[in-house]
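Here the structure comes first, spelled out in structure tokens, and everything after it is commentary.
Protein chains: 2
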Amino acid sequence: MNDLRFPTALQMVLSLAVAREAKRRCTSMELATGLGANPALVRALLVPLSRANIVTTTIGKNGGVELARAPEEISLREVYFAIIDDKRLFERRTNVPSVCVVSTNIGSFFEELATEVEDAMLTKLGQRTVAQSLMEIRRIDAARIANVTEIVAD
Amino acid sequence: MNDLRFPTALQMVLSLAVAREAKRRCTSMELATGLGANPALVRALLVPLSRANIVTTTIGKNGGVELARAPEEISLREVYFAIIDDKRLFERRTNVPSVCVVSTNIGSFFEELATEVEDAMLTKLGQRTVAQSLMEIRRIDAARIANVTEIVAD
DNA sequence: TCTTAATGTAAGCATTACGATTACACTTAG
DNA sequence: CTAAGTGTAATCGTAATGCTTACATTAAGA
Chain U
1 MNDLRFPTAL
11 QMVLSLAVAR
21 EAKRRCTSME
31 LATGLGANPA
41 LVRALLVPLS
51 RANIVTTTIG
61 KNGGVELARA
71 PEEISLREVY
81 FAIIDDKRLF
91 ERRTNVPSVC
101 VVSTNIGSFF
111 EELATEVEDA
121 MLTKLGQRTV
131 AQSLMEIRRI
141 DAARIANVTE
151 IVAD
Chain V
1001 MNDLRFPTAL
1011 QMVLSLAVAR
1021 EAKRRCTSME
1031 LATGLGANPA
1041 LVRALLVPLS
1051 RANIVTTTIG
1061 KNGGVELARA
1071 PEEISLREVY
1081 FAIIDDKRLF
1091 ERRTNVPSVC
1101 VVSTNIGSFF
1111 EELATEVEDA
1121 MLTKLGQRTV
1131 AQSLMEIRRI
1141 DAARIANVTE
1151 IVAD
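Chains as they are written, first to last, in the working numbering: chain U, 1 to 154; chain V, 1001 to 1154.
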């Protein structure tokens, strides 16, 4: 089973960015509906997002979720890091015996390699903000609609 | 459970690069010993490596495995791609309903994003060859030995 | 030709991590 | 006081992978 936490959290944040334009809050139920998922799953993901100061949750009646900052100020790297954090992209083997120069040092080497590759990935994510991503989503939507119209016209 | 195929294959290829210097072949048993793993596991990974022309296997008595090319000519990207291939780094959610502009287009958007991030990672891996990696391993080993000597001297 | 040493491959079990759901405690507006 | 929210724990199902065993296949060499 693949890890869907990042795509899920990303969609949540993007939906919150849309709601923010209307100065609205979302409930975990609304977010769950957009995902085709369960509100409890959404709330579980809200915990680390809240801890990272990406969203703000309000308990009680009329409560809900909103972005803690302007979407221009939130990078996808922050979202990824808030959600994933501990898990390394590449995990190394454990219990490798020391029987040659390779087996003895592969652990350190792989750690270096994994860090470097992971940094490259995070840098890429750091170059994108939530605001830009929302613009991109709308660009994709416009293209989709234009395409549908064209097909209908045939 | 984390996917250990890439680190496993990488160690195998590095061990084969060492063996190549001595003009030796390795058996899957030898490689498995260095990994602390089972020969059948090694042989399963040998199949895609062989298909990608990274290693050459020889069946029968006195058979075994060797690098198919010089270690300078094999990038870590090739090793990664040979082993992982199908599996995307980021998987998107399935069955997302179309209830708003975000949920309707998040799939396409995430696909674009995942491709870009994955390319960044593969580029990083493409900049490293097996030969360079082996040199790096030996550098780490030398540093480790120097450190041990220093501690013993205290 | 027979034995031996190797790869190729399929089948089955255990483990792990995550998704999904349910349930309930807690909080706050009106 | 009630309704509408979040916070969180517990449980189950499932998919992917590692690990192991077993056996078929192949080829060298006595």
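For each residue, glycine too, the CB sits at the ideal point set by N, CA and C.
Beta-carbon contacts of residue i that lie in its chain and below 8 Å, excluding the five residues immediately before and after
| i | result |
| --- | --- |
| residue 92 (chain U) | 106, 107, 110, 111 and 114 |
| residue 1057 (chain V) | 1046, 1050, 1063, 1064 and 1065 |
| residue 87 (chain U) | 3 |
| residue 69 (chain U) | 53 and 54 |
Sheet register partners of residue i (DSSP bridge)
| i | result |
| --- | --- |
| residue 64 (chain U) | U:58 |
| residue 75 (chain U) | U:129 |
| residue 26 (chain U) | U:65 |
Expected contact under 8 Å - CB spacing of residue i and residue j to nearest Å
| i | j | result |
| --- | --- | --- |
| residue 1186 (chain V) | residue 1050 (chain V) | For residue 1186 (chain V) there is no data in the structure shown, the boundaries of chain V being 1001 and 1154. |
| residue 1013 (chain V) | residue 1059 (chain V) | Not quite, the Cβ-Cβ distance comes to about 20 Å (not below 8 Å), so this is no contact. |
| residue 1129 (chain V) | residue 1071 (chain V) | 7 Å |
Under 8 Å between C-beta atoms of residue i and residue j
| i | j | result |
| --- | --- | --- |
| residue 20 (chain U) | residue 66 (chain U) | yes |
| residue 1179 (chain V) | residue 102 (chain U) | The question about residue 1179 (chain V) has no answer here: the residues shown for chain V are numbered 1001 through 1154. |
| residue 117 (chain U) | residue 89 (chain U) | yes |
| residue 1095 (chain V) | residue 36 (chain U) | yes |
| residue 82 (chain U) | residue 52 (chain U) | yes |
| residue 1120 (chain V) | residue 44 (chain U) | no |
| residue 74 (chain U) | residue 6 (chain U) | no |
| residue 125 (chain U) | residue 80 (chain U) | yes |
Residue burial classification, residue i (beta-carbon count within 10 angstroms, cutoff 16)
| i | result |
| --- | --- |
| residue 47 (chain U) | exposed |
| residue 29 (chain U) | exposed |
| residue 8 (chain U) | buried |
| residue 98 (chain U) | exposed |
| residue 1061 (chain V) | exposed |
| residue 163 (chain U) | In this structure chain U extends from 1 to 154, so residue 163 (chain U) is not present and cannot be described. |
Residues near residue i by beta carbon distance below 6 Å, same chain, minus five either side
| i | result |
| --- | --- |
| residue 4 (chain U) | none |
| residue 1027 (chain V) | 1064 |
| residue 1146 (chain V) | none |
| residue 1142 (chain V) | none |
| residue 1104 (chain V) | 1098 |
| residue 1131 (chain V) | 1071 and 1072 |
| residue 122 (chain U) | 77 |
Residues near residue i by beta carbon distance below 7 Å, same chain, minus five either side
| i | result |
| --- | --- |
| residue 1133 (chain V) | 1014 and 1076 |
| residue 1137 (chain V) | 1014 |
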